[in-house]
Amino acid sequence: MTGKNLLPSDPGNRIKKRLFLGLLSLSLLFITALLAGGWFLLVHRSNLFNRLLLALGLLTLAVLFFIIALGIAGLALIIWQERSRPLFLHLGMIAVNTLFPVALALGRRLGLKKETIKASFIELNNQLVRLQNQRVKPEQVLLLAPHCLQWSGCPHKITIDVYNCRRCGRCPIDSLHALAAKYNVRLAVATGGTLARHFVKQYRPRAVIAIACERDLTSGIQDTQPLPVLGVLNSRPHGPCLDTQVNLEQVEEAIRFFLYEKTAEQPRPSRKELEVGSSV
Ligand code: SF4
1 MTGKNLLPSD
11 PGNRIKKRLF
21 LGLLSLSLLF
31 ITALLAGGWF
41 LLVHRSNLFN
51 RLLLALGLLT
61 LAVLFFIIAL
71 GIAGLALIIW
81 QERSRPLFLH
91 LGMIAVNTLF
101 PVALALGRRL
111 GLKKETIKAS
121 FIELNNQLVR
131 LQNQRVKPEQ
141 VLLLAPHCLQ
151 WSGCPHKITI
161 DVYNCRRCGR
171 CPIDSLHALA
181 AKYNVRLAVA
191 TGGTLARHFV
201 KQYRPRAVIA
211 IACERDLTSG
221 IQDTQPLPVL
231 GVLNSRPHGP
241 CLDTQVNLEQ
251 VEEAIRFFLY
261 EKTAEQPRPS
271 RKELEVGSSV
């Protein structure tokens, strides 16, 4: 339970979201510079064919620029007003998907860590998912955990069948079982992106709570769009991919978000109740 995820109301969370939005805007400026460069070339070329070719390229870039600019402005508006707007959300996702590699490269050039940029993207995604306010039935929720949460000395193969876990309590998989049973949601453990995609295809959930590192969460969220995915970062006290941990309170909060209306929220179980549940 050593995860360091920030809750949505945390001010640091807002800063993280702004970081990715800022990088997106910077990427847009980069495209603008490309457009300006293209325009410069266009007016200095005498060859008609080259002019036509450049004009076509510039026109395509200009349309892309317009969509992306609208998408970024829409995302900023959604975050600022804390209100979902489907059209802006759709355009925003186009902007994010198109500019993600550019934003990542620019962020790296500015000395930012890849993990920081991806964590910022995950926070932005979580906020957008929350603003959509979608409620689903328990059986439509998939709780997807990474294999590295399992104790490295455990002999039981839980990726094929998660119920092979003997619930000994040596790793967070036991508590995830308790949460899944308590809320009647599905639990699956994946070794990587391919198996995670397989589970999504097999169970056809309408909402996913995914636990993973920055890299896997980022690619998972992008791969499963437009499926709403709330990402919870794991913590790595023993280094990457080994005996990782997760903040169970954040996982539970994410499950409850998909299941309950805010006004009809059920009383939150205590940590003691969860521990009792995990030993059943
Ligand atoms: S809780 Fe399950 S997965 Fe974890 S060590 Fe025990 S048997 Fe293995």
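Quick note: the sequence shown, position 130, residue 130 per the working numbering, numbers continuous. Beta carbons are placed, not taken as given, at the ideal position from N, Cα and C, and that holds for glycine.
Does ligand 1 have a heavy atom nearer than 7 Å to the CB of Q150?
Counting from one through the sequence shown, the residue named residue 150 turns up at place 150. Indeed, a heavy atom of ligand 1 lies less than 7 Å from the Cβ.
Which word fits A152, buried or exposed, when buried means at least 16 other C-beta atoms lie within 10 angstroms of its C-beta?
By 1-based counting over the sequence shown, the position of residue 152 is 152. The amino acid occupying residue 152 in the given sequence is Ser; Ala does not appear at that position. S152 comes out exposed.
Comparing C-alpha positions only, which one of L28, L176, K118 sits nearest to L247?
Within the sequence shown, residue 247 is the residue found at index 247, counting from 1. Checking the sequence, you will find Asn at residue 247 rather than Leu. The shortest C-alpha separation from N247 is found at L176.
Given a threshold of 16 other Cβ atoms within 10 Å of its Cβ, counted over all protein chains shown, does K114 qualify as buried or as exposed?
Counting from one through the sequence shown, the residue named residue 114 turns up at place 114. The residue is exposed, with fewer than 16 neighbouring Cβ atoms inside 10 Å.
For the alpha helix (DSSP H) containing L195, name the first residue and the last one.
Taking the sequence shown and counting its residues from 1, one reaches residue 195 at position 195. 193 to 203 is the span of the alpha helix (DSSP H), which, as asked, contains L195.
Which whole-angstrom value describes the C-beta separation of I221 and V229, a residue pair presumed to lie in contact below a C-beta threshold of 8 Å?
For the purposes of this step, residue 221 is taken as residue 221 along the sequence shown, with counting starting at 1. For the purposes of this step, residue 229 is taken as residue 229 along the sequence shown, with counting starting at 1. With a beta-carbon spacing of about 5 Å, I221 and V229 fall inside the 8 Å limit used to define contacts.
Identify every run of the beta strand (DSSP E) within the segment 13 to 81, keeping only runs that are complete inside it and at least 3 residues long; order them along the chain.
None, since the segment 13 to 81 contains no complete beta strand (DSSP E) of that length.
Going by alpha carbons, who is nearest to Q225 out of T244, A212, V200, E249?
Looking up residue 225 in the sequence shown gives position 225. For the residues T244, A212, V200, E249, the minimum Cα distance to Q225 belongs to V200.
Measuring only the C-alpha atoms, how far is S278 from T116?
Translated into positions along the sequence shown, residue 278 becomes position 278. Translated into positions along the sequence shown, residue 116 becomes position 116. Because the pLDDT of S278 is 43, which lies under 50, any placement of that residue in the model is unreliable, and the number read from its coordinates should be weighed accordingly. Cα to Cα, the separation comes out at about 33 Å.
Are the beta-carbon atoms of A95 and L23 separated by less than 8 Å?
Position 95 of the sequence shown holds residue 95. Position 23 of the sequence shown holds residue 23. No. Outside cutoff.
Give, in chain order, every unbroken run of the alpha helix (DSSP H) that is at least 4 residues long and sits entirely within the segment 235 to 265.
248 to 259
Ends of the beta strand (DSSP E) at I209?
As a first step, residue 209 is located in the sequence shown; it is residue number 209 there, counting from the start. First-last of the beta strand (DSSP E) with I209: 207 to 212.
Does the segment 115 to 129 come close enough to the segment 183 to 190 to have 3 or more Cβ pairs within less than 8 Å?
By the criterion of at least three beta-carbon pairs nearer than 8 Å, the segment 115 to 129 is not in contact with the segment 183 to 190.
Just checking, does the segment 73 to 81 make contact with the segment 48 to 64 on the three C-beta pairs under 8 Å criterion?
At 8 Å Cβ cutoff, the stretches do not touch.
Would you call the segment 195 to 213 in contact with the segment 140 to 154, where contact means no fewer than 3 C-beta pairs closer than 8 Å?
yes
CB-CB under 6 Å to L70, same chain, minus the five flanking residues each way: which ones, in chain order?
If you number the sequence shown from 1, residue 70 lands on position 70. These residues qualify, in order along the chain: L91.
Per DSSP, G231 forms a beta bridge with which residues?
Translated into the one-based positions of the sequence shown, residue 231 becomes position 231. Answer is A210.
With distance defined between alpha-carbon atoms, name the residue in L29, A73, G193, F100 nearest to L89.
Stepping through the sequence shown from its first residue, residue 89 is reached at position 89. Cα-wise, what sits closest to L89 is A73.
Residues in the same chain with beta-carbon distance under 8 Å from D174, minus the five sequence neighbours each way, listed in chain order, please.
Against the sequence shown, residue 174 aligns to sequence position 174. Excluding its 5 nearest sequence neighbours in each direction, D174 has C-beta neighbours in its own chain below 8 Å: C165, R167, C168, S278, listed in chain order.
Rounded to the nearest angstrom, what separates N47 and F40 at their Cα positions?
By 1-based counting over the sequence shown, the position of residue 47 is 47. By 1-based counting over the sequence shown, the position of residue 40 is 40. Roughly 14 Å separates the two Cα atoms.
Excluding five sequence neighbours on each side, which residues of the same chain lie with their C-beta closer than 7 Å to the C-beta of L58?
As a position in the sequence shown, residue 58 is number 58, starting the count at 1. So the qualifying residues of the chain are L35, G38, W39, L42.
Can you determine whether any heavy atom of ligand 1 sits closer than 7 Å to the C-beta of R167, and answer yes or no?
In the sequence shown, the residue the question calls residue 167 occupies position 167. Correct: R167 has its Cβ closer than 7 Å to ligand 1.
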